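K.L.:
Numbering (the UniProt record's numbering), first residue to last: 1 to 174. Beta carbons: idealized from backbone N, C-alpha and C, even for Gly. In this text the structure is predicted, and so the values were computed from the model without any measurement. A single structure is presented below for examination.
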């Protein structure tokens, strides 16, 4: 396996939209009912870049984008300014092969160059997916469960909440 992690570009948003569409249409992993278009993803990427929030993609040995990950503000209230929520998705053909680990590591490397202190992951609790294991491997720890919090494809879905302390300092944020 050869994988490259780099900042997402506007042209990457076509592949990002395709990857995400699979999960919207076929799973309860995302609570979106409608798939954002490539133009929607381009706007999201531009907004995140303007906020200095990392958005990265993974590409395989052919250069094809096979996954993406980003962080976005966790909540809008000012005291949450140093806390973000992460998102990570892989092409279904590239799960279980190490791409997720490489993508998560690339995202965390990018986050460490910012003033972000905490990352929260809200993960749909779906048997057979590797997201909780991926986050645990990256150092996230379980902080709770939201029971029957989302309804999609005819089923109520729980979410596991996990957290990573990027910077464990108790001093004021900078």
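Alpha carbon to alpha carbon, how far is residue 15 from residue 102? Give it in angstroms, no decimals.
P.N.:
Near 18 Å, if we compare the C-alpha coordinates of residue 15 and residue 102.
K.L.:
Counting pairs of Cβ atoms below 8 Å between the region 15–29 and the region 105–120, do you hit three or more?
P.N.:
No, the region 15–29 is not in contact with the region 105–120.
K.L.:
For residue 42, does the count of other Cβ atoms within 10 angstroms reach 16, so buried, or fall short, so exposed?
P.N.:
By the 10 Å Cβ count, residue 42 comes out buried.
K.L.:
Taking 7 Å as the threshold (C-beta atoms), are residue 87 and residue 99 in contact?
P.N.:
It is not a contact, given that the beta carbons lie outside the stated cut-off.
K.L.:
In whole angstroms, what is the alpha-carbon distance linking residue 35 and residue 21?
P.N.:
Roughly 5 Å separates the two Cα atoms.
K.L.:
Let me check understanding here. Comparing Cα to Cα, which of 68, 78 and 151 lies closest to residue 44?
P.N.:
Cα-wise, what sits closest to residue 44 is 68.
K.L.:
By a C-beta neighbour count over all protein chains shown, 10 Å radius and 16 as the cutoff for buried, is residue 54 buried or exposed?
P.N.:
Residue 54 comes out buried.
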